[in-house]
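J.: Residue numbers (my numbering), protein chains in the order written: chain A, 35 to 636; chain B, 3 to 406.
What follows is a single structure, and I will ask about it in a moment.
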Amino acid sequence: MAHAYETAYVPPAEVPDVELYHPKSFITKYIFSQDAKVIAIQYSFTAIAIGIVALVLSWLMRLQLGFPETFSFIGPEAYLQFVTMHGMIMVIYLLTALFLGGFGNYLIPLMVGARDMVFPYVNMLSYWVYLLAVLVLVASFFVPGGPTGAGWTLYPPQAILSGTPGADGGIILMLVSLALFIVGFTMGGLNYVVTVLQARTRGMTLMRMPLTVWGIFVATILALLAFPALFVGAVMMTLDRLLQTSFFMPVIVEFGERLAYGEGSPILFQHLFWFFGHPEVYIVALPAFGIVSDLISVHARRNIFGYRMMVWAIVVIGGLSFVVWAHHMYVSGMNPYFGFFFATTTLIIAVPTAIKVYNWVLTLWRGNIHLRVPMLFAIGFIVTFVNGGITGLFLGNAVVDVPLSDTMFVVAHFHMVMGVAPILVIFGAIYHWYPLITGRMLDDAMGKFHFWVTFLGAYAIYFPMHYLGFLGVPRRYYEMGETGFIPQSAATLNEFISVVAFIVGFAQIVFLFNLVWSAFKGRQAGRNPWGAASLEWQTPDIPPGHGNWGAKVPVVYRWAYDYSVPGAAQDFLPQNLPPDQVAADHDHGREDLPGAAAQPAE
Amino acid sequence: MIEILGIVLILLAMGAGLYAVGRVPGSRNWGLGGLTAILGLVGLFVAARSGVYRPVGYYGGLISFAICVLIVFYLEKLVFDEAEKRKHGPTEAPALERWRSRPDIEVRRTTKHVVALALILVAVGSVAFHFLSPWWWTPIASNWGYVDDTIIITFWITGVVFIAIIAFMAYCVFRYRHREGRRAAYEPENKKLEWWLTIGTTLGVAGMLAPGLFVWDRFVSVPEDAAEFEVMAQQWQWSFRFPGEDGVLGTSDSRNISPENPFGLHPDDPNGQDDVLIQGDDLHLPLDRPLKVLLRSIDVLHDFYVPEFRAKMDMVPGVVTYFWLIPTRAGTFEILCFELCGVGHYGMRGYVVVEEESAHQAWLQEQSTFAELLAQTENGAREAANLASSEGKSASGQRGGLAR
Numbered sequence: 035m036a037h038a039y040e041t042a043y044v045p046p047a048e049v050p051d052v053e054l055y056h057p058k059s060f061i062t063k064y065i066f067s068q069d070a071k072v073i074a075i076q077y078s079f080t081a082i083a084i085g086i087v088a089l090v091l092s093w094l095m096r097l098q099l100g101f102p103e104t105f106s107f108i109g110p111e112a113y114l115q116f117v118t119m120h121g122m123i124m125v126i127y128l129l130t131a132l133f134l135g136g137f138g139n140y141l142i143p144l145m146v147g148a149r150d151m152v153f154p155y156v157n158m159l160s161y162w163v164y165l166l167a168v169l170v171l172v173a174s175f176f177v178p179g180g181p182t183g184a185g186w187t188l189y190p191p192q193a194i195l196s197g198t199p200g201a202d203g204g205i206i207l208m209l210v211s212l213a214l215f216i217v218g219f220t221m222g223g224l225n226y227v228v229t230v231l232q233a234r235t236r237g238m239t240l241m242r243m244p245l246t247v248w249g250i251f252v253a254t255i256l257a258l259l260a261f262p263a264l265f266v267g268a269v270m271m272t273l274d275r276l277l278q279t280s281f282f283m284p285v286i287v288e289f290g291e292r293l294a295y296g297e298g299s300p301i302l303f304q305h306l307f308w309f310f311g312h313p314e315v316y317i318v319a320l321p322a323f324g325i326v327s328d329l330i331s332v333h334a335r336r337n338i339f340g341y342r343m344m345v346w347a348i349v350v351i352g353g354l355s356f357v358v359w360a361h362h363m364y365v366s367g368m369n370p371y372f373g374f375f376f377a378t379t380t381l382i383i384a385v386p387t388a389i390k391v392y393n394w395v396l397t398l399w400r401g402n403i404h405l406r407v408p409m410l411f412a413i414g415f416i417v418t419f420v421n422g423g424i425t426g427l428f429l430g431n432a433v434v435d436v437p438l439s440d441t442m443f444v445v446a447h448f449h450m451v452m453g454v455a456p457i458l459v460i461f462g463a464i465y466h467w468y469p470l471i472t473g474r475m476l477d478d479a480m481g482k483f484h485f486w487v488t489f490l491g492a493y494a495i496y497f498p499m500h501y502l503g504f505l506g507v508p509r510r511y512y513e514m515g516e517t518g519f520i521p522q523s524a525a526t527l528n529e530f531i532s533v534v535a536f537i538v539g540f541a542q543i544v545f546l547f548n549l550v551w552s553a554f555k556g557r558q559a560g561r562n563p564w565g566a567a568s569l570e571w572q573t574p575d576i577p578p579g580h581g582n583w584g585a586k587v588p589v590v591y592r593w594a595y596d597y598s599v600p601g602a603a604q605d606f607l608p609q610n611l612p613p614d615q616v617a618a619d620h621d622h623g624r625e626d627l628p629g630a631a632a633q634p635a636e
Numbered sequence: 003m004i005e006i007l008g009i010v011l012i013l014l015a016m017g018a019g020l021y022a023v024g025r026v027p028g029s030r031n032w033g034l035g036g037l038t039a040i041l042g043l044v045g046l047f048v049a050a051r052s053g054v055y056r057p058v059g060y061y062g063g064l065i066s067f068a069i070c071v072l073i074v075f076y077l078e079k080l081v082f083d084e085a086e087k088r089k090h091g092p093t094e095a096p097a098l099e100r101w102r103s104r105p106d107i108e109v110r111r112t113t114k115h116v117v118a119l120a121l122i123l124v125a126v127g128s129v130a131f132h133f134l135s136p137w138w139w140t141p142i143a144s145n146w147g148y149v150d151d152t153i154i155i156t157f158w159i160t161g162v163v164f165i166a167i168i169a170f171m172a173y174c175v176f177r178y179r180h181r182e183g184r185r186a187a188y189e190p191e192n193k194k195l196e197w198w199l200t201i202g203t204t205l206g207v208a209g210m211l212a213p214g215l216f217v218w219d220r221f222v223s224v225p226e227d228a229a230e231f232e233v234m235a236q237q238w239q240w241s242f243r244f245p246g247e248d249g250v251l252g253t254s255d256s257r258n259i260s261p262e263n264p265f266g267l268h269p270d271d272p273n274g275q276d277d278v279l280i281q282g283d284d285l286h287l288p289l290d291r292p293l294k295v296l297l298r299s300i301d302v303l304h305d306f307y308v309p310e311f312r313a314k315m316d317m318v319p320g321v322v323t324y325f326w327l328i329p330t331r332a333g334t335f336e337i338l339c340f341e342l343c344g345v346g347h348y349g350m351r352g353y354v355v356v357e358e359e360s361a362h363q364a365w366l367q368e369q370s371t372f373a374e375l376l377a378q379t380e381n382g383a384r385e386a387a388n389l390a391s392s393e394g395k396s397a398s399g400q401r402g403g404l405a406r
């Protein structure tokens with residue numbers, strides 16, 4: 035039985051040239067560019083910029099939590115606004131945009147051997163719609179009443195009532211911004227999916243694609259199916275707020291006054307939101323899974339263990355992610371018998387996820403591990419993801435969720451599994467692909483400093499936070515005050531967490547400096563410094579030029595993981611290396627073989 | 003009885019372990035693996051049924067579970083060793099490496115050991131933190147100790163997995179670090195190993211899900227004899243209502259809410275007349291009786307939670323939600339709101355006093371009823387007088403305890 039990773043000889047045929055846009059001016063090259071690589075960098079800059087805003091908001095939150103009654107400029111309203119904007123920006127405007135819009139746009143065409151995305155004009159539009167969504171969101175800081183403080187989950191009825199900050203204008207701008215984002219992401223998402231399905235180059239079968247592409251591809255399918263639920267929820271809530279409809283608003287007596295609503299269902303919003311919200315966390319996680327598989331295999335010089343199982347796991351996790359949503363709603367007042375179903379599906383989804391973890395670790399086993407900065411971040415990802423995934427098993431088990439829901443345990447869980455682990459992958463991916471994008475290496479010493487402080491620091495922030503949750507410390511509380519059941523030492527723990535958070539924040543500044551400094555002063559990377567087999571490193575120009583491949587698109591002969599292949603003299607076999615150029619090892623690497631010149635030189 | 007089972011399990015598990023260790027390396031034994039898995043799960047079951055207050059069965063079950071996990075790991079190690087000896091491809095892996103890693107991007111020797119050590123530190127540090135930290139749940143005051151037990155089981159299973167994965171990673175990072183001339187193995191997949199790992203994970207997951215669903219079933223099944231009372235939430239205070247002498251709570255609707263009728267009770271409903279209303283004061287509950295807590299909100303989502311009770315449920319305006327519990331320890335505990343309800347969310351606090359039945363009765367006698375509240379208002383006084391004269395009752399009647 036032939037395996038997908040065995041090399042099959044494909045005669046090099048002429049691949050007809052695709053009719054490609056040709057940018058002529060500065061504006062069409064760098065601003066209104068249809069080139070997916072430029073769009074990717076635009077997405078990344080915007081996402082990182084708004085992410086820095088959210089990072090600063092998190093420092094303000096930690097100031098209040100660590101040192102209550104100290105900072106008079108942080109009141110209860112402001113605190114809720116920080117909480118809400120930090121959460122929404124990080125989940126949607128940073129993580130989703132960066133993984134799909136940033137990494138997806140840059141890597142998908144290169145990794146599948148295409149010249150660009152299949153709908154370049156729509157791709158360009160998707161970025162500008164995203165930027166508009168970000169600007170609308172930022173505008174909510176400047177309207178009377180400020181941004182919404184309803185929590186990133188925006189639950190009605192409180193989200194649009196006067197007891198919550200931002201109910202005047204902030205919530206409307208938030209909902210409009212989300213709707214714009216979803217429109218932009220549908221445009222981009224169609225590009226990613228169709229490009230993977232239709233624009234793969236000759237020889238690039240689906241089962242030869244790197245896992246990065248699989249992760250982003252399945253995540254995009256999830257996004258296309260899940261975002262509409264948020265869209266309709268946002269539209270209905272906007273109508274409730276602006277036109278006094280009652281989709282989500284039951285009979286309400288607010289501060290002694292009967293409001294003009296009735297017969298709506300707040301729980302309906304929760305179902306809609308979480309039907310989107312749970313796939314959303316996998317939209318963030320699946321690209322991280324795919325990318326980290328590639329980071330580990332390149333830097334361990336070892337094929338990813340169990341590639342087919344990894345693909346299967348990504349697809350199954352994606353599918354199952356649509357039937358677990360109400361594990362966010364065990365104590366919402368929904369029909370309690372739903373708890374049995376959703377607890378079961380939630381714990382089932384742990385199995386393919388665990389298999390992925392085993393396979394990452396088994397790729398390290400019997401590998402040839404180079405502990406470079408991307409590999410360090412990949413290892414950090416595995417540790418924090420296992421920790422975060424495990425605490426998810428606590429929360430997914432319905433009855434265990436009852437005492438833990440809405441406590442700091444939940445906050446610690448989702449930060450570890452979605453905030454720390456995927457962010458470590460983002461950092462590792464940036465250190466890994468920076469030489470491709472810029473032709474220079476990021477500084478190694480700053481990179482290692484960044485890694486150790488971020489990894490150990492983030493772990494020290496969120497691991498102890500789980501224990502605050504066990505104590506019963508609630509989330510979204512402006513201050514705890516005096517209680518009979520929380521010891522004074524918990525306040526000390528909060529201070530400790532805040533101080534570590536500021537230190538970790540400082541390390542990110544070092545990283546940003548590294549990004550800018552290395553673009554001008556970094557060591558020249560040359561071609562393929564890591565020795566990666568996947569297609570994106572095999573372009574004729576570094577960084578890849580317009581059209582990616584020069585005159586001829588590549589032909590692919592093998593999967594993306596031919597590292598340390600027995601019987602081959604080369605340490606790795608690029609995907610587009612013809613089989614007749616693979617030097618057999620009993621020749622001890624003869625210089626006179628025709629393929630010798632095609633191998634990467636020192 | 004269950005303690006004896008726990009001790010027997012430890013002995014069986016240790017026996018299985020010695021047997022596994024004594025076997026010749028390189029042989030497979032599916033039977034031993036399966037038996038050990040079952041032993042481990044039975045150990046967990048025994049621990050769960052024993053609970054924390056029967057330490058022999060509890061620790062016996064948990065220790066035998068841990069021993070069984072170690073045995074399974076040892077069996078897996080045998081599988082690994084077997085796999086390592088297998089050759090790959092028609093020739094041996096060549097010593098020559100055509101592509102040389104650039105020295106300027108290579109790591110120095112110290113970093114390799116540092117990473118392995120850091121991983122071990124994270125694992126050991128996490129375990130030490132868990133056992134040394136003073137931050138643990140507050141002592142329970144209700145019948146929901148089952149929830150605590152399920153959490154402990156989850157901790158054991160997931161804790162073992164966490165430590166095992168990190169330890170294995172530390173081992174790999176150390177043992178398989180890059181050295182000159184080293185070459186990685188080439189093994190796209192290993193069906194047997196992947197199958198074993200899938201089965202093991204599924205068993206572990208089932209071991210957590212089963213007790214969890216069992217306790218959830220109890221949580222959603224309110225006992226027949228549970229007495230009802232109501233907690234009403236609004237921005238940002240708690241109010242409470244007891245059924246009064248007739249044992250039935252009167253019907254209510256938010257549309258009826260007014261300054262004279264803050265609970266929105268239907269004035270025509272006779273069941274509501276004797277309902278005991280508590281506003282802006284502590285809740286008192288009787289000890290050792292099953293109670294069904296009816297939850298209502300008149301404006302936004304709230305959540306009624308007393309950490310010592312381990313049970314909570316959101317209040318949703320427009321519906322009546324519930325949960326049930328049996329308070330098992332007398333004392334004064336704090337009520338907090340556990341669903342974001344606006345700016346005052348953090349200040350929405352209260353107190354619940356759990357006391358003997360007789361003290362609870364006495365407290366109820368002192369509270370006002372709906373009828374008395376109506377009587378206090380000008381119109382209400384006339385109406386109550388009319389009501390009293392037409393039905394021959396006085397306005398201040400007896401208010402009994404909870405139902406039955």
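Ideal placement from N, C-alpha and C gives every residue a C-beta, glycine not left out.
Computed from a predicted structure; not experimentally measured.
#1: Taking only runs of the alpha helix (DSSP H) that begin and end inside the stretch 232 to 256 of chain B, which ones reach a length of at least 4 residues, in chain order?
#2: Would DSSP call A/N369 helix, strand or coil?
#3: Shorter than 7 Å from the beta carbon of B/L342 to some beta carbon of chain A?
#4: Thinking B/H220 and B/F231 are a contact (beta carbons under 8 Å), I'd like their distance in whole angstroms, please.
#5: Out of curiosity, what's the CA-to-CA distance linking B/H90 and B/Y188?
#6: Under DSSP, the beta strand (DSSP E) around B/V295 begins and ends at which residues?
#7: With 7 Å as the threshold, decide whether the Cβ of B/G17 is near any Cβ in chain A.
#8: Is there a Cβ of chain B sitting closer than 7 Å to that of A/V440, yes or no?
#9: Smallest Cα separation from A/N393: which of A/G367, A/F372, A/P608, A/V420?
#10: Measuring straight from C-alpha to C-alpha, what distance separates B/H132 and B/I65?
#11: Going straight from the alpha carbon of B/T93 to that of A/I531, what length do you get?
#12: For B/R291, tell me which candidate among B/N388, B/N145, B/E182, B/F216 has the shortest Cα-Cα distance.
#13: Using only the alpha-carbon positions, how far apart do B/I12 and B/A120 sit?
#14: Counting only runs of 3+ residues fully inside the stretch 263 to 295 of chain B, write out the beta strand (DSSP E) ranges in chain order.
#15: Cβ closer than 7 Å: which chain B residues qualify as neighbours of A/A334?
#16: Using a C-beta to C-beta distance shorter than 9 Å, which residues of chain B count as neighbours of A/H120?
#17: For B/Y348, which residues in chain A fall below 7 Å Cβ to Cβ?
#18: Any idea if B/M3 is buried or exposed, counting beta-carbon neighbours within 10 angstroms, 16 or more meaning buried?
#19: Taking C-beta pairs closer than 9 Å, name the residues in chain A that B/Y178 reaches, listed in chain order.
#20: Count Cβ pairs between the stretch 273 to 287 of chain B and the stretch 350 to 360 of chain B that sit closer than 8 Å; are there 3 or more?
#21: Using the Cβ count rule (16 or more neighbours within 10 Å means buried), how would you classify B/P272?
#22: Give the single residue among A/M344, A/G136, A/D477, A/I330 whose Cα lies nearest to the Cα of B/M171.
#23: State the DSSP-derived secondary structure class of A/Q558, mapped to helix, strand or coil.
#24: Evaluate A/G518 with the Cβ neighbour count: other Cβ atoms within 10 Å of its Cβ, from every protein chain shown; 16 or more gives buried, anything less gives exposed.
#25: Would you say B/Q1 lies against chain A (beta-carbon separation less than 7 Å)?
#26: Run through chain A and tell me which residues come within less than 7 Å of B/V321, C-beta to C-beta.
#27: Express the C-alpha separation of B/V116 and A/G121 in angstroms, rounding to a whole number.
#28: Would you please verify whether the beta carbon of B/F170 is less than 7 Å from any beta carbon of chain A?
#29: What's the C-alpha gap between A/M450 and B/F164?
T.: The answer reads as follows:
#1: none
#2: The residue you call residue 369 of chain A lines up with position 335 of the first sequence. Coil.
#3: Counted from its first residue, the second sequence places residue 342 of chain B at position 340. Yes, B/L342 lies at the interface with chain A (some Cβ there is under 7 Å from its Cβ).
#4: Residue mapping note: residue 220 of chain B aligns to position 218 of the second sequence, counting from 1. Residue mapping note: residue 231 of chain B aligns to position 229 of the second sequence, counting from 1. Looking at the sequence provided, one finds Arg at residue 220 of chain B rather than His. Not quite, the Cβ-Cβ distance comes to about 20 Å (not below 8 Å), so this is no contact.
#5: As a position in the second sequence, residue 90 of chain B is number 88, starting the count at 1. As a position in the second sequence, residue 188 of chain B is number 186, starting the count at 1. Bear in mind that the predicted position of B/H90 carries a pLDDT of just 41, short of 50, making it unreliable; the figure below should be weighed with that in mind. So the alpha carbons of these two residues sit roughly 7 Å apart.
#6: Indexing the second sequence from 1 puts residue 295 of chain B at position 293. Where B/V295 is concerned, the enclosing beta strand (DSSP E) stretches over 293 to 299.
#7: Taking the second sequence and counting its residues from 1, the one referred to as residue 17 of chain B is at position 15. Not closer than 7 Å to any Cβ of chain A, the Cβ of B/G17 fails to qualify, so no.
#8: Residue 440 of chain A sits at position 406 when you count from the first residue of the first sequence. Rather than Val, the amino acid found at residue 440 of chain A in this sequence is Asp. By this cut-off, A/D440 is an interface position.
#9: Along the first sequence, one-based indexing puts residue 393 of chain A at 359. Nearest option by C-alpha distance: A/V420.
#10: Translated into positions along the second sequence, residue 132 of chain B becomes position 130. Translated into positions along the second sequence, residue 65 of chain B becomes position 63. Spanning the two alpha carbons is a distance of roughly 18 Å.
#11: The residue given as residue 93 of chain B occupies position 91 in the second sequence. The residue given as residue 531 of chain A occupies position 497 in the first sequence. Confidence is the limiting factor: at B/T93 the pLDDT is only 35, short of 50, which leaves the residue's position unreliable, though a coordinate-based value still follows. Their backbone Cα atoms lie some 55 Å apart in a straight line.
#12: Translated into positions along the second sequence, residue 291 of chain B becomes position 289. Selected option, being the one with the closest Cα: B/N145.
#13: Within the second sequence, numbered from 1, the residue matching residue 12 of chain B stands at position 10. Within the second sequence, numbered from 1, the residue matching residue 120 of chain B stands at position 118. One C-alpha to the other measures close to 34 Å.
#14: 278 to 281, 285 to 288
#15: Within the first sequence, numbered from 1, the residue matching residue 334 of chain A stands at position 300. Simply A186.
#16: Against the first sequence, residue 120 of chain A aligns to sequence position 86. None at all; the shortest Cβ gap to chain B is about 14 Å.
#17: Here residue 348 of chain B refers to the residue found at position 346 when the second sequence is read from its first residue. Ordered by position in chain A, the residues that pass the 7 Å Cβ test against B/Y348 are P110, Y511, Y512, E513.
#18: As a position in the second sequence, residue 3 of chain B is number 1, starting the count at 1. When all chains shown are included, B/M3 counts as exposed.
#19: Taking the second sequence and counting its residues from 1, the one referred to as residue 178 of chain B is at position 176. Within chain A, the residues near B/Y178 are A334, R336, L398, W399, R400, G401, N402, I403.
#20: yes
#21: By one-based count along the second sequence, residue 272 of chain B stands at place 270. Looking at its Cβ environment, which holds fewer than 16 other Cβ atoms inside 10 Å, B/P272 is exposed.
#22: As a position in the second sequence, residue 171 of chain B is number 169, starting the count at 1. For the residues A/M344, A/G136, A/D477, A/I330, the minimum Cα distance to B/M171 belongs to A/I330.
#23: The residue you call residue 558 of chain A lines up with position 524 of the first sequence. Correct three-state label for A/Q558: strand.
#24: For the purposes of this step, residue 518 of chain A is taken as residue 484 along the first sequence, with counting starting at 1. The residue in question, A/G518, is exposed, as its Cβ has fewer than 16 Cβ neighbours within 10 Å.
#25: This structure gives no information on residue 1 of chain B, because the portion of chain B shown stretches from 3 to 406.
#26: If you number the second sequence from 1, residue 321 of chain B lands on position 319. Per Cβ cutoff of 7 Å: G367.
#27: For this step, residue 121 of chain A is matched to residue 87 along the first sequence. For this step, residue 116 of chain B is matched to residue 114 along the second sequence. Whole-angstrom Cα-Cα distance: 34 Å.
#28: As a first step, residue 170 of chain B is located in the second sequence; it is residue number 168 there, counting from the start. Yes, because at least one Cβ of chain A sits closer than 7 Å to the Cβ of B/F170.
#29: For the purposes of this step, residue 450 of chain A is taken as the residue at position 416 of the first sequence. For the purposes of this step, residue 164 of chain B is taken as the residue at position 162 of the second sequence. Using only the alpha carbons, I get a separation of about 14 Å.
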